[in-house]
Each structure stands twice: as C-alpha cells, then as structure tokens.
Amino acid sequence: MAESWKDIVEQKRNALKESIPSQWLDANLKDDMIKKGFLNTSDYLDTILPKNEIAITGKTIMELSLLIGKGQLRAYDVTYAFCHRAMLAHQILNCCSEIFVKEALMKAKELDLEFQKNGKTVGILHGIPVSLKDQVDLKGIPSSIGYVSLANVKMKENALLADKLIELGAILFVKTCVPMAMMAPETESNLYPYTYSAANINLSSGGSSGGEGSLIAAGGARIGFGTDIGGSIRIPATYNGLFAMKPSIGRVSYLRVSNSYEAQESIPSVIGPLGKTLEEIEFIMKAVVETKCWLHDPKVLPIEWKENVKFDKDTIKIGVWRDSGNVEPLPPIKRVLNQVSKLLKGDAKLEVVEVEWPEHKRLINALMAVFGADAGKEIIDECAKSGEPIHELLGYLVDSDDLKAPLTINEWWDLCQEVYLIKQKYLKFWDDNQLDAVLAPVMTSPSTKPHSAVCLEYTGVCNLCDSVGVVLPLGTVDATIDVLEERPVRSELEAAIRKQYIPQDFDKMPVCLQVICRKTEEEKCLAISKMILETVKNT
C-alpha cells in the first residue's frame, strides 16, 4: 500500500520532535504558560530559564561579538543558551521546520577550539546563532517550503547567503516554518501546525516568514532572515513587535534559496533580516553586503555598504501615508501614526507632509495579477505529487473566480509592461514631491486571530516598486482608548477587518509602522528610521 501524505506528515512531525534534545522536551510547557496567565512567550520563558542563559540571550549580536572576541564568552555557551530557549519557544509556538541544534553545539565547540588555538575569532558573527526561513537551502536538510512532497528532499548545496554567514562565524541551528508555497500572510501548512505570535499566544505570527518572527520575538534568536514578496518579512515583524528590513532586489543574495514561482522576475521575492533592535538589523545587513556576494551571484548588485549617510538637504522630507482608500487601519495603528507624525513635525530637521500614492488600486490589482498569473498551477501540481489538499490559506490563488486560466505569454508580457508603467508613475511621484521617505502602516491590524481577514494594500507598494521598507515598533495597543468609531464601510474587506476587531483581544500588542525609501536606499532608510526612533524615544 502506497504511503499517504498523512503518513509523511506524521513521520516528519515525529522526526522534528526527536531532533529536540530530550532534556528540553516538556509536553506541558504551553499549558503551564497559559495556566500562569502569560500571553507573551518571551516573558514566560524569562521565568523558567536559568539567569545566566537569559543574560546571554538578552545581549545584542554586537555585544555578543565583542565578548566572544575578548574571550569573555564561549561560542558554546552562547549557542547553548539560544538553542535551549529556541526549543522551548518552538514547543509553545510551532515555529521551527527543521532543527539541528546538536550539530550546532558541535560546531560551537569547534569554534571555541579554533579561538583557543589562534587567539582570534573567524569573523564578526563567531559563535552567534542565526535562524533562517525554511526556504534557505542547507546541504543535507530539506527546504520543504510548506509542501508534503518536499518534506524529505535533502538539498545538495548551501545557499550562498548561508555560506557567507558561516564564513563570518555564525552558527546555523534551525530553519523556521512557512505556509504552503510561502504565499500567505499567516503561517500554517498541512505539514506543520499553526504558528502563533510570541507577543500573544492567541494571535497569528503572520506570514510567510511567520516562524522567523515568532522565534526571534520569543528570544530564540537575536537575528534571522526571512523573505518578502508581498509583505512576508514585514507582516511577521509587525505581528511580533520586531525590527525588520525588506531590502531592494539584489542587495542580499537569493542564490540557492528555494522558492515558489522561482522564475517570476516581474515582482521577485527578496531576502532580508528580522531582529530585536534596529542596530542589529544594520549590523547584519552591513556584514552580509560586505561579503560581496556579487562576485558569486550575478543577480546581486555590486553596491558597497555606505557608512554615515549624508543628506543633500538641510531638512529631510517625510511623507505620511495614512489610508489606502479601501481599508482604513484600525484605531491603534491610526493613533500611533498620528502621535509619531506629530512628534516628527516638531523636529526642525524634518519636513513632514501628507501624501497619497498615485493610482494605488491599480498597483494592487497589478500585484495580485502577477501572483495569480499561472492560476495556481504550480501549487496544484506540487500538491498532486503527494496527494495533499491545497491548504485553505491559498484559496485566493487557486479558487478565485478571477483566476480561471494561466495567462498566455502575450498577456504576461502585457502585465509586465503594466508593472513597469506603474513603477514609472511612482518614481515620478517621489521626484515631484521631493520625498526622502514615507511613513506608513504595515498592516491594518497589530495582528489577527488565526484564519482572519487581512489587507496587503500597505505592504504591496514596496514589492511592486522595489522600495526599501524598515519596520519599527513604535507603540502598543491600549484597549481603553483604541476603540472603533461607527461609520459606513468602504469595502467588503474593510467591513470584515472592522468586524473582527475586539480591542481587548489585542491589548498591549506592539504597534509597528514602516519607513519606506526608494530602491537601493537601504542605508538611507536605516538612517531615517534611527532619527524617527530617537525622536519618539526622546519625547
């Protein structure tokens, strides 16, 4: 009798559990957390982990790099602390798709011996654990990207990014969960169960880099890499209260990173970091860019990292985009955006203006048309290999009435031309308004309950226009004041999102905004993000 897809799932989940060191297994962990009244996984873990491990995982990667370099911390101790915390976090949140912590600890011992022998580190990430989204290929480990058919297909080579991280001394120890095909704004597949937010165990971690978001927010890693084609780095960062960057195409290598719609280059996916602080985002981006991946990957832009960004003008002009015109952000997002924009208007170095993107509905229509260009054929074909059903999160790509047949080659060319025309219009908008950056919502809600309505209208502009986006946690939900005002709705989606908003369910959740800059302006976007962060902190 042929093996069913359900048998493969059961075997894979059992193997994942068996890859956790037995002393770290605790079937009652999640129940204990809930029983003790915790919603935030990191807060709970801080009550049960040893103080010396909490001290290590509470340090930035820059601090860890310095201490390891001085011989004041061992790579093994650092790796052990993060692996231990990550394994506990996984048992609560379902965030890891592949676990190889035993190998990571062995690698840490090797690095310690090398440091003992040579008196120096192998690189600035020596002994620092870095997590990776499931799709980043590692030799001998599957990149299932949410498909049962790929659950046990071991990759033959490392992704170039993984090789460069290893050269810098990083310890790779887990890969993290994604939805099927990585084409959903929350994380669940037939292969792995639902991934929850580390900020609130009842809410979504977002997607498609949802495993990365929840692992890092729980403290199981300080830094990790996700990917973004419609918001897949920024959504998990927002739902977990993290800093993150969606870079431009070609700033970080995608070579040997498994992907859906791999040859689709009109609006390609990009890879970028999520982390606990903005400084760590900058540190890891600089480190990766300085490995000069353009020497090995023809798609990487040969752009050196720019230190100490200088502005041509005395004042920096920031546009504030508040509303897509179709779905208004919920009260906590609106309130924090109002508060931050008012603070920025009081800074003499900044000029703050209200903006609206040109023909935004046209952009979103083009984005969704690109996503649905094959009418779900790749997803249907991959699922057919194992017999697994298409996951409900992908219904919009497979079951939509608008996607009856794949586009013909001429229709695809026309769509690519439409994307190019929209890019031109948006570039002119930047020039006409002389903008340095735009401050905007990331999502309409701080998070959602599982399987709820979501809106991608605030993230999609960065993907179609190849803009840089940096996510900043800038506030928290206050259920006593963040209440809906009654008014007529403008769309079915807006009605659904408003209907599912119960302030008490999101109380104390992080509220994030995004800073958007033009393509290849990663360093500038970080510099402006720092200014915004400092302005908010100093008031």
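Heads up: the sequence shown begins at 3 in this note's numbering, then just goes up one per residue. Ideal Cβ placement from N, Cα and C applies to all residues, glycine included. What you are looking at is a predicted structure, and each value in this text was computed from that prediction instead of being measured.
- Per DSSP, Asp-165 is not a residue of any beta strand (DSSP E); the alpha helix (DSSP H) it occupies stretches across 162-169.
- Using a Cβ-Cβ distance cut-off of 8 Å, the stretch 144-163 and the stretch 115-123 are not in contact, since fewer than three pairs of beta carbons, one from each stretch, lie closer than that value.
- Per the C-alpha coordinates, the member of Asp-136, Lys-156 and Leu-395 positioned closest to Pro-144 is Lys-156.
- Comparing alpha carbon positions, the residue from Gly-148, Thr-59, Asp-45 and Glu-420 closest to Ile-225 is Thr-59.
- In this structure Gly-462 touches Leu-365 by the C-beta definition: roughly 7 Å separates them, less than 8 Å.
- Each of Val-80, Ser-99, His-92 and Pro-408 was checked against the Cα of Leu-113, and the nearest Cα belongs to Val-80.
- For the stretch 76-112, the continuous beta strand (DSSP E) assignments of 3+ residues that do not extend past its boundaries occur at 98-101, in sequence order.
- At the C-beta level, Cys-514 and Ala-439 stay beyond 8 Å of one another.
- Between the C-alpha atoms of Lys-248 and Ile-235 there is a straight-line separation of about 6 Å.
- With the rule of 3 Cβ pairs closer than 8 Å, the stretch 181-196 counts as touching the stretch 442-457.
- Tyr-460 has no beta-bridge partner at all, per DSSP.
- In this structure, Met-533 is the residue among Val-103, Met-533 and Met-89 with its C-alpha nearest to the C-alpha of Val-342.
- Residue nearest to Val-479 within the set Gln-506, Ser-469 and Met-370 is Gln-506 (criterion: CA-CA distance).
- Going by C-alpha positions, Leu-466 is about 7 Å away from Val-421.
- The C-beta separation of Leu-257 from Ala-161 comes to about 6 Å, placing the pair in contact by the 8 Å criterion.
- Counting along the chain, the unbroken beta strand (DSSP E) around Leu-476 starts and ends at 470-478.
- Cβ neighbours of Trp-307 within its own chain (closer than 6 Å, five residues either side excluded): Lys-288, Val-291 and Glu-292.
- Residues of the same chain with a CB within less than 6 Å of the CB of Lys-32, apart from the 5 flanking positions on each side, are Ile-94 in chain order.
- Under the 10 Å beta carbon count, Phe-313 is surrounded by fewer than 16 other beta carbons and is classified as exposed.
- DSSP places Leu-41 outside any beta strand (DSSP E), giving it a letter other than H or E.
- Boundaries for Asp-401: no beta strand (DSSP E) harbours it, and the DSSP string shows neither H nor E there.
- The way I'd put it, the stretch 166-179 does touch the stretch 96-107; three or more beta-carbon pairs between them come closer than 8 Å.
- Taking the CA atoms as reference points, Asp-509 sits about 20 Å from Leu-47.
- Here Phe-245 carries a strand assignment [DSSP, helix/strand/coil].
- Residue range 212-219 is occupied by the alpha helix (DSSP H) that includes Gly-212.
- Burial check for Gly-228: the Cβ neighbour count within 10 Å reaches 16 or more, so the residue is buried.
- Here Lys-501 is exposed: its Cβ has fewer than 16 other Cβ atoms, across all protein chains shown, within 10 Å.
- The beta carbon of His-86 sits closer than 8 Å to the beta carbons of Trp-26, Leu-51 and Glu-55 from its chain, once the five residues preceding and following it are set aside; these are given in chain order.
- Taking each of His-362, Leu-107 and Ala-265 in turn and checking the Cα distance to Ser-326, the smallest one comes out for His-362.
- Using a Cβ distance threshold of 8 Å, Ala-371 and Leu-417 count as a contacting pair.
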